[in-house]
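S.K.: Chains as they are written, first to last, in the working numbering: chain A, 1 to 776; chain B, 1001 to 1115. For every residue, glycine included, the Cβ atom is placed at its ideal position computed from N, Cα and C. Remember, it's a predicted structure, so these values are computed and weren't measured experimentally. Mind having a look at this structure? Questions to follow.
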Amino acid sequence: MQLAVLGGFVLAAFAPLLHRWFGDRAGLVMALLPAALSLWLFAQLPAVVGGEVLVFEQAWVPGLDIELTFLLDGLALLFALLISVIGVFVLVYSSAYLKGHPDLARFHVVLVAFMMSMLGLVLADNLVALFVFWELTSITSYLLIGFNHTDPEARKSASQGLFVTVAGGLALMAGLVMLAVVGESWSLQTLVAQGDTLRAHPLYLPILLCLLAGAFTKSAQFPFHFWLPNAMAAPTPVSAYLHSATMVKAGIYLLARMQPGMGGTEAWVTLLSLFGAVTMVTGAFLALRHTGIKSLLAYSTIMALGTLTMLLGIGTEEAMIAFGTFLLAHSLYKGALFLVAGILDHETGTKDISAMGGLRRVMPVSATCAGVAALSLGGVIPLFGFTAKELMFTSVLHAERFTVLLPALSLAAAVMTLAAAAIVALRPFFGNRREMPRAPHEGPPEMLAGPLVMAGLSLLLGLMPGLASGLVGATASSVNGAPLPASLSLWHGVNLPLGLSLVSLVLGLLIFRYWDYWRIWMRSLEPLFARGPEMGYFKIMDLIVTISVWQTRMLQNGYIRNYLVMTLMVLVGLTGYTLWSRHGLAFSFALDVRFHEALVAGLMVAGAVTACIMRLRLAAVASVGVMGFCIALTFVIFSAPDLGITQLLIETLTVILLILVLFRLPRFASLSTTLERVRDLVVAGATGLLMTLLILTVLDERLFPSIADYMIANSQPEGHGHNIVNVILVDFRALDTLGEVFVLALAAIGVYAMLSFHVDEYDARRQPERKEPRDG
Amino acid sequence: MEPLMAVVIGILYAAAIYMMLRRSIVKLVIGLMLLSNAANLLIFTSAGLTRGAPPLVPEGLAEPLGKVADPLPQALVLTAIVIAFGVLSFAVVLIRRAYEIVKADDLDKMKDTDT
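And the structure:
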């Protein structure tokens, strides 16, 4: 199993090669992998329906408890089947849809990689593996949405989707880590089994909020729903895939997976039911605002995602069965509808429904598929969508909380969804023929295969819902955490859900009838839509840019003194505070100063201060020289003859070098204002004071004995030298000295290189007029 | 003596930093010189100052007679002095080159990389 998924990634890498071999047919060849996977998954169906959980163990990073173990239970099987079966159709479809596209190979690389990430996500048992696949789907879907990278709109949508989902991904990571810490395991199976521990833990709420942030962004729940319709910038087969079975269902999958472990609490029920219900109504309502067929379908996906979340929130056994049924039904009809939308777009050259009409004669197969799938979307008897909707109404009516709110919102959503379904199915195909950018004709068989099968399944399962009972039951059992057999049937008798269905049918058709007026009415709400959550997203993005610009201007402005001031203030602040709080400012010292020493010290200070205030460069250099010689004297007085000699030599060399090199530079100009000088004086003074205090502290406190005693004792016996300092340099710390030699050599090379580089030549070489070819 | 040296070093540091905060590149270099000297003195002083007892082993003996000055900071400072000189000479030559191109002794005119 792992082999198949990882092999898929390898296949993705080889896609360009396959394209060289098979040309446009490469998509068909690659479809063999998901096809084989689908067959294999079907073969597992009886075992899983029988209540078995198949585990495929595989170590990955055993040292960190990270495994690539795959888990195949009802939920995973349903998702895996949807991913691989719809994947086959999407691959086949896209090789016709994008026929001759120069980047078809790239498309297939990303699409197959996406498919495998999605499979890995739903199969992974380890939290780390789950998260890795989760992020992989974010990245690959980003590449898919931005496939037409020359289109700025597509790029914008792609990064929007990426930012929203990855931001949620970060929250998810935090949640998963906390989950693993609380449950003391990285395995989903183990974690989910100890639901009582998780729910009672004080970290339960933070974990829940983090997981919800991840799932809600991924599954486009209100208020993060805005990225999904924008993701329509992707090629249509990708939209079909993202919407029907993959990407956006990942969040739903996560919630469903967590249901037995985390579900059932007050917070879970409230958050999921309310967010789900609001998303459902928002999606259904906004769908009717659009005339673009893909946008309309995208919003109806949001409606479906909201419904699924709400059902998970309700959490009763009925709701779980409704969840499984609705998931399956939605994937089937939404996949078919998107693929038909792609055919319409491909064959007519427009995506605008209001520009289409009367296509049923030229595109009878598409029209039939669209009609069947749309009826399922609308939840009309006898399609599978009807069964799902009945179950949904039943569980909403039997919900333990929000007993009025949820049914009301569900009914509203159902009404508007039915209208949307009618628009999608009837508008393009019935009514009068209209002028379209391209002369329409029926799509090629590769493109019709997917819609036909999926619409056919919607009808078949609608007529004989018993066929799906096993799979739905297994799914519901996984979500429930305990076996939960389902027996689906088309007819439940005359009851309240049926009544609600009828009401929604009538009202929905009414909206469809007066859709044009409805749109005019919605246009008056435009200002409201413009203030939606998407505006918040743009505000945040703008804010991030503003902050980073401001921060760069503050921290990295190119003024060396600002860097210095900032660094020094941090140093003074932190070190000074530590000094003050840990040691205090009480120092004990005895002043034991002789006259000549004080004189040398005074000269040193005078030299340094003079160097600062001199206007003449040479005078400044001379003052530094005076200070340097005083330092040499200090070394000599305090028992360091070697240092004294070295300092004397180096100081002489330095002064000569400075005089030679700086001789030709102008005298100092007055470049700073008084205020700047005062500021610099304050910073410099504070740093100087800190250094003084630090030295006093160091002198006051000896934390450990000097290691010099060893060197003093061993200098002659081991190093055979009488000058201990020399022995240290060439023996005890010889590597330091080697490093020093290296630094000096490097500096010498640098100096030589710069002295032999002539600015005039450099300028001359940059002159464009000189076009002499430089042979050489 | 150490407390007095501590004050002297503080003043040297202050002078060094004041110079490094100036806009003139030459002043920046003078500041660097002051800073390296101040740092050397800091290391030297922190170990404690000893009068008239250089860390030498008299001829014919294995160890010095009595207490001598700490040789380790001396060795470190020796290295530092020489390295500071290497850095300084490099910086000075760099300044000269920069001055030839920018034609001004002003750091603010070297703010951008493409001048």
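On a Cα-Cα basis, can you pick out the residue from A1038(B), A1091(B) and M1005(B) that is closest to A1016(B)?
M.R.: Considering only alpha carbons, the answer is A1038(B).
S.K.: Using alpha carbons as the reference points, say which of F323(A), F757(A), L104(A) and G602(A) lies closest to A15(A).
M.R.: The residue with the shortest Cα to Cα distance from A15(A) is L104(A).
S.K.: Thinking C-beta only, is F226(A) closer than 8 angstroms to Y537(A)?
M.R.: Yes; because the gap between Cβ atoms is below 8 angstroms, this pair is in contact.
S.K.: Less than 8 angstroms between the C-beta atoms of A474(A) and G74(A), yes or no?
M.R.: Yes; because the gap between Cβ atoms is below 8 angstroms, this pair is in contact.
S.K.: Where does P773(A) sit, in a helix, a strand or coil, going by DSSP?
M.R.: Because the pLDDT at P773(A) is just 46, under 50, the model does not fix this residue reliably, and the value given afterwards should be weighed accordingly. P773(A): coil per DSSP, three-state reduction.
S.K.: Kindly list, in the order they appear in chain A, the residues whose Cβ is closer than 8 angstroms to that of I1011(B).
M.R.: What I1011(B) touches in chain A: V605, A608, V609 and G688.
S.K.: Apply the 10 Å Cβ neighbour rule to P237(A) and answer buried if 16 or more other Cβ atoms are within range, or exposed otherwise.
M.R.: Looking at its Cβ environment, which holds 16 or more other Cβ atoms inside 10 Å, P237(A) is buried.
S.K.: Rounded to whole angstroms, how far is the Cβ of P641(A) from the Cβ of P1054(B), which I believe are closer than 8 angstroms?
M.R.: Contact holds; Cβ gap of about 5 angstroms.
S.K.: Give me the Cβ distance between M754(A) and R1097(B), rounded to the nearest whole Å; I'm assuming they're in contact under 8 angstroms.
M.R.: About 5 angstroms; that satisfies the 8 angstroms criterion.
S.K.: Hey, G313(A) and P260(A) are a contact pair by Cβ (cut 8 angstroms); roughly how many whole angstroms apart?
M.R.: No, G313(A) and P260(A) are not in contact; Cβ-Cβ is about 14 angstroms, not under 8 angstroms.
S.K.: Are the beta-carbon atoms of V572(A) and L738(A) separated by less than 8 angstroms?
M.R.: No, they are not a contact pair.
S.K.: Taking the alpha carbon of G379(A) as the point to measure from, which residue in A233(A), L242(A), A399(A) and A414(A) has its own alpha carbon closest?
M.R.: Out of A233(A), L242(A), A399(A) and A414(A), A414(A) has the C-alpha closest to the C-alpha of G379(A).
S.K.: For S581(A) and A686(A), I'd like the C-alpha separation in whole angstroms.
M.R.: Between S581(A) and A686(A), the C-alpha separation is close to 17 angstroms.
S.K.: From V609(A) to L1042(B), what distance separates their C-alpha atoms?
M.R.: In a straight line, the C-alpha of V609(A) is about 18 angstroms away from that of L1042(B).
S.K.: List the residues of chain B whose Cβ lies closer than 8 angstroms to the Cβ of A598(A), in chain order.
M.R.: Those within 8 angstroms of A598(A) in chain B are L1004.
S.K.: Do we get a CB-CB distance below 8 angstroms when we pair G1066(B) with the residues of chain A?
M.R.: Cβ-Cβ to chain A under 8 angstroms: no for G1066(B).
S.K.: Under 7 angstroms between beta-carbons, which chain A residues line up against V1008(B)? List them in chain order, please.
M.R.: Near V1008(B) (Cβ distances below 7 angstroms), the residues of chain A are A601, M604 and V605.
S.K.: For G776(A), which residues from the same chain have a beta carbon less than 7 angstroms from its beta carbon, with the 5 sequence-adjacent residues on both sides left out?
M.R.: Because the pLDDT of G776(A) is 36, which lies under 50, any placement of that residue in the model is unreliable, and the number read from its coordinates should be weighed accordingly. None.
S.K.: Within this structure, are the beta carbons of A231(A) and G161(A) separated by less than 8 angstroms?
M.R.: Yes, these two residues count as a Cβ contact at 8 angstroms.
S.K.: Given that a residue counts as buried once 16 or more other Cβ atoms are within 10 Å of its Cβ, and exposed if not, what is W268(A)?
M.R.: By the neighbour-count rule (16 or more Cβ atoms within 10 Å), W268(A) is buried.
S.K.: With a threshold of 8 angstroms between beta-carbons, can T692(A) be considered close to chain B, or not?
M.R.: Taking Cβ atoms only, chain B reaches closer than 8 angstroms to T692(A), which makes this a yes.
S.K.: Quick one: residues in its chain with C-beta nearer than 8 angstroms to the C-beta of A80(A), no 5 flanking neighbours on either side, listed in chain order?
M.R.: Correct list, in chain order: L37, L41, L72, L119, V122 and L123.
S.K.: Could you give the C-beta distance for R519(A) and R289(A), rounded to a whole number, given that I count them as a contact under 8 angstroms?
M.R.: Confirmed, Cβ separation roughly 7 angstroms.
S.K.: Contact between the stretch 334-342 of chain A and the stretch 244-252 of chain A is defined here as three or more beta-carbon pairs at a separation below 8 angstroms; is this criterion met?
M.R.: The stretch 334-342 of chain A vs the stretch 244-252 of chain A: in contact.
S.K.: Note down, in chain order, every chain A residue with its Cβ under 8 angstroms from the Cβ of S1036(B).
M.R.: Ordered by position in chain A, no residue passes the 8 angstroms Cβ test against S1036(B), which lies about 10 angstroms from the chain.
S.K.: Can you tell me which of the three DSSP states L782(A) falls into?
M.R.: Limits of chain A in this structure are 1 at one end and 776 at the other, which puts residue 782(A) out of reach.
S.K.: Can you tell me where the alpha helix (DSSP H) with V164(A) in it begins and where it stops?
M.R.: P152 to G183 is the span of the alpha helix (DSSP H), which, as asked, contains V164(A).
S.K.: Write down the C-beta distance between E1002(B) and F742(A) rounded to the nearest angstrom, noting that I regard them as a contact closer than 8 angstroms.
M.R.: Not a contact, Cβ separation roughly 34 angstroms.
S.K.: When the Cα atoms are used, what is the spatial distance from P1071(B) to G1052(B)?
M.R.: Taking the straight line from one Cα to the other gives about 13 angstroms.
S.K.: At the level of alpha carbons, what is the spacing between A1014(B) and F732(A)?
M.R.: A1014(B) and F732(A): Cα-Cα distance of roughly 35 angstroms.
S.K.: Near A4(A), what residues of its chain come up, given a Cβ to Cβ distance below 7 angstroms and the 5 sequence neighbours on each side ignored?
M.R.: Excluding residues within five positions, the ones whose Cβ falls inside 7 angstroms are L37.
S.K.: Does L1032(B) come within less than 8 angstroms of chain A when only Cβ atoms are used?
M.R.: No, no contact with chain A.
S.K.: So is K249(A) buried or exposed if we call it buried at 16+ other beta carbons inside 10 Å?
M.R.: Buried is the call here.
S.K.: Just mark T813(A) as buried or exposed, buried being the case when its beta carbon has 16 or more other beta carbons within 10 Å.
M.R.: The structure shown does not extend to residue 813(A), since chain A is modelled only from 1 through 776, so no value can be given for it.
S.K.: Leaving out the 5 sequence neighbours to the left and right, which residues in its chain are closer than 6 angstroms to K771(A) when beta-carbon positions are compared?
M.R.: Per-residue confidence for K771(A) stands at a pLDDT of 46, beneath the threshold of 50, marking its modelled position as unreliable; the derived number appears in the next sentence. Taken in chain order, the list of residues that qualify is empty.
S.K.: Quick one: residues in its chain with C-beta nearer than 6 angstroms to the C-beta of G470(A), no 5 flanking neighbours on either side, listed in chain order?
M.R.: V49, listed in sequence order.
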